[in-house]
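Residue numbers (my numbering): 113 to 208.
The structure appears below as structure tokens.
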Amino acid sequence: WNIHAIAESTDIVNCTNNALERFNRDLNESFTTAHPNLMTFMAVIKEKSKNYVVMLDDIRHHRQRAQEHGNLVGVELPAEYHRFCGKQSHITDRVK
């Protein structure tokens with residue numbers, strides 16, 4: 113998805129999936145081998161899940177502050193995108 117034209121006219125804070133990339137990096141660093149066995153995988157996922165639940169509970173009870181995020185920016189999609197989507201829906205209607 114090309115956002116170059118939109119990025120020139122709009123202040124976009126996050127235009128990638130950095131949060132997901134960070135999670136994947138953190139998860140991969142939790143394993144000592146590239147291909148852990150099932151029990152190791154389950155133990156790591158269980159520990160990560162437990163930590164996440166504790167963090168959410170701490171935020172809910174004001175023991176920890178939620179992470180700050182950039183302000184949401186509304187983006188108006190170009191007319192070309194809407195025309196493209198319209199053409200695609202006509203194509204899929206004919207296929208059905």
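The beta carbon of each residue, even a glycine, is placed where N, CA and C say it ideally should be.
The structure displayed is predicted, hence computed values, not measured ones.
To the nearest angstrom, how far is the alpha carbon of residue i from that of residue j?
i    : j    : result
L189 : K199 : 16 Å
R137 : A191 : 37 Å
L132 : Q179 : 15 Å
T144 : N163 : 19 Å
Q176 : V165 : 13 Å
On the three-state DSSP scale, how would you describe residue i?
i    : result
L184 : coil
P190 : coil
L143 : In the sequence under discussion, the amino acid at residue 143 is Phe, which differs from the Leu named in the question. Three-state DSSP puts F143 in coil, outside helix and strand.
A178 : coil
N130 : helix
Check this for me: beta carbons of residue i and residue j, under 8 Å apart or not?
i    : j    : result
K158 : L139 : no
Taking one C-beta from the stretch 171-186 and one from the stretch 142-161 each time, how about it: are there three or more such pairs within less than 8 Å?
-> no
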